[in-house]
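Using my numbering, read the sequence shown as starting at 1272 and increasing by one per residue.
To start, the structure itself, in structure tokens.
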Amino acid sequence: MAEPDDELPGDLDQAGDDVEEEQGDVEDVDSPDLDLVQLDEAAAAGDLSTAEDDAEDLPTGSLAPDVSAFTVDVSTGEVRDRPRVTTPVQSALEVQLSGTMPLLLLAKSYQQSSQMPSVARVATRVTRGRVGIGVVVRLPAHTPAAAETFLDRFPGSPIRIADPDLYTAPAYGGPDANVSDQKAGRHPWLVNAVPASAPTNPAWVREVLERQTDVGATVLLSATGWVSAANGAREFAHALRWVAESRRAAGTTPMFVNLTLDGSWLTDPVLRGVLLHEIVESGERLWYLRFRWPVVQPRYGQLRQRSLLEGYRQLAVTAALEDKVLVLPNSGLTGWVATALGATGFSTGPSWGEQAYAAPQIVANRPGQRRPPPTLRLFERTVLHTVDHASHVAMLGETDYQLCQCRYCTALGAATPSTARWDKETASMHYLLRCARLTALLASPNRRMEALREVRRAQAFLRATAGTPAAPTGNNAPAHLAEWENLLI
């Protein structure tokens, strides 16, 4: 991770890097598409090779080129002599919702989203159609027109979701309930929600579902929000009444049971028992379950609490045994591990708020203190962790370091020590593409072993570099790997 052991600068940096996540009322207008999008369009037209996206990571040190496919200029990171490849058509919606293939849903952030249509196409190409690459937009964070425009840019993704974010509705009393006047004006149905214990309102349910299809959603989320852990069995029963009403309104349109729950639903044996029992007994097959984590340190890190991870394991295994399609939104690579254990898929995105639904970190600003410059971060497949630029450079020449050759790393100049071409959005697109590649590993008869192999590969690299300048330290150290291994063995 980007921050050093000294916590104050790290905290300020963590709060500053993603200030856009707190600006939900700012009209979402993407910056003009960058050259990478033009590059992708040229590739689609046959004017440019895209084989660099298909290349496997270079497995050894010294940035040795993979001469079997093309040449890498180690001084610039430029890839040359690339053969052409084609982008497959994704499997049909009904196939993707059948539970027979892993799903990766790309969740739009408030910013850093202009290149997401490009990364969806590239991800489809490099995974060769083995992964369902879908997209999610948070409906209340946009005008309906902006949400529709965004989803329209993903014609090749059968799964397109407009999340109503009902867990933010004040009526449910969740910890993140907050609807501004601007959001209420755009989406009055959000403030018209009533507590789950109230009688169901068919007209309101229809409106919530219609607002999703109006902007181009192909799969619905039920008109349900936060499920309190207090009196859990009763609250869950209330939520299921609204799910049933949503099912009646949805008709034949595919619909996920959409619930947002505290992490205690995974860690408390009684609550977890209620959750698993309802999933087993329910006639609903599609489940979209978001869990609120405690504060995650460091930001852009991975969940490490053993009790939560064990809860995810039991949930994923139960879903697989019962032939349920379980998608875990806003779960990042924790969702990837859960998918290896039996879930169908997960969502993640460019910014922290899309990678984890977690309690906010409270940072005290000191009067007159300047915010440090943004930290340059990159997700490293070699250690399955996001590190700062200095740590990335330190690992570059190591034996068994996996050099990423994707178009985004090429654009960043990530194969060199230079930061001259570094760009936060482009680095985040590399992360999304890497998530797609990792998810493609799970399209195998033994997905758990594939994930375990990746975790152990990362651990082997850490052992080999221990005590050397290349060893990631502090927030750059992937402290979650041991917990992941325990889950997967």
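For each residue, glycine too, the CB sits at the ideal point set by N, CA and C.
Predicted model, so just to flag it, every value in this text is computed and none were measured.
- [ ] Give the C-beta separation of L1377 and V1406 to the nearest angstrom, bearing in mind that I take them to be a contact with Cβ-Cβ under 8 Å.
- [x] 5 Å
Open item on the list: Taking only three categories from DSSP, how would you classify T1605?
Closed with: helix
TODO: Please work out which residues of its chain come closer than 8 Å, Cβ to Cβ, to E1721, disregarding the five sequence neighbours upstream and downstream, and give them in chain order.
DONE: A1611, L1712, L1713, S1715
Open item on the list: Among the candidates P1600, N1746, H1413, G1496, whose CA atom is the shortest distance from the CA of G1456?
Closed with: H1413
Task: Straight-line gap, E1754 to L1511 (C-alpha atoms, nearest Å) - done: 33 Å
Task: Candidates R1575, F1617, H1458, K1454: closest to G1370 by CA position - done: Looking at the Cα atoms, F1617 is the closest of the given residues.
- [ ] Let me know the alpha helix (DSSP H) ranges lying completely inside the stretch 1613-1637, each 4 residues or longer, listed in chain order.
- [x] Along the stretch 1613-1637, the alpha helix (DSSP H) occurs as fully enclosed runs of 4 or more residues at 1623-1626, listed in sequence order.
TODO: Enumerate, from N- to C-terminal direction, the unbroken beta strand (DSSP E) stretches of 3 or more residues contained entirely within the stretch 1639-1716.
DONE: 1648-1651, 1656-1659
TODO: Pick helix, strand or coil for G1403, following the three-state DSSP scheme.
DONE: Annotated three-state conformation of G1403 is strand, per DSSP.
Open item on the list: Comparing C-alpha positions only, which one of L1364, L1375, Q1361, V1360 sits nearest to L1703?
Closed with: Selected option, being the one with the closest Cα: L1375.
Task: In chain order, each alpha helix (DSSP H) run of at least 4 residues that lies wholly inside the stretch 1471-1517 - done: 1473-1485
Open item on the list: Pairs of beta-carbons, one from the stretch 1741-1750 and one from the stretch 1685-1695, closer than 8 Å: are there three or more?
Closed with: Under the 8 Å Cβ criterion, the stretch 1741-1750 does not count as touching the stretch 1685-1695, having fewer than three qualifying pairs.
- [ ] Could you tell me how far apart the beta carbons of A1520 and R1477 are, in whole angstroms, since I believe they sit closer than 8 Å?
- [x] With a contact defined as Cβ atoms closer than 8 Å, A1520 and R1477 qualify at about 5 Å.
Task: Close-in-space but distant-in-sequence residues of the same chain around V1566 (CB under 8 Å, 5 per side omitted) - done: A1629, A1630, P1631, Q1632
Open item on the list: For E1696, tell me which candidate among L1364, T1358, S1380, Q1361 has the shortest Cα-Cα distance.
Closed with: S1380
Open item on the list: Here's the rule I'm using: 16 or more other beta-carbon atoms within 10 Å means buried, otherwise exposed. How should M1272 be labelled?
Closed with: Since pLDDT at M1272 reaches only 34, below the 50 mark, its modelled position is unreliable, and the value read off the structure follows with that caveat. By the neighbour-count rule (16 or more Cβ atoms within 10 Å), M1272 is buried.
Open item on the list: Quick test of your reading: Y1438 and T1531, contact by CB under 8 Å. State the CB separation rounded to the nearest angstrom.
Closed with: That belief holds up - the Cβ atoms of Y1438 and T1531 are roughly 4 Å apart, short of 8 Å.
Open item on the list: Does H1751 come out as helix, strand or coil in the three-state DSSP assignment?
Closed with: coil
- [ ] Under the assumption that P1435 contacts L1492 (Cβ atoms under 8 Å), give the Cβ distance between them as a whole number of angstroms.
- [x] Your pair P1435 and L1492 checks out as a contact, with CB atoms roughly 6 Å apart and the cut at 8 Å.
- [ ] With DSSP as the reference, please indicate the residues paired to D1434 in a beta bridge.
- [x] R1409
Task: Reference E1625, options N1746, R1561, T1615, N1463, closest by Cα - done: R1561
Task: Distance between W1607 and A1252 (C-alpha atoms, nearest Å) - done: There is no way to answer for residue 1252, as the model of the chain reaches only from 1272 to 1760.
Task: Close beta carbons around A1448, own chain, < 7 Å, minus the five adjacent residues each side - done: T1439, A1440, P1441
Task: Touch test, the stretch 1677-1684 against the stretch 1587-1607, Cβ-Cβ under 8 Å, three pairs minimum - done: As far as the Cβ criterion goes, the stretch 1677-1684 does not touch the stretch 1587-1607, which means the pair count is below three.
TODO: Using the Cα positions of M1666 and Y1443, report the straight-line distance between them to the nearest angstrom.
DONE: 47 Å
Task: Among N1463, V1490, G1544, nearest to G1503 - alpha-carbon criterion - done: G1544
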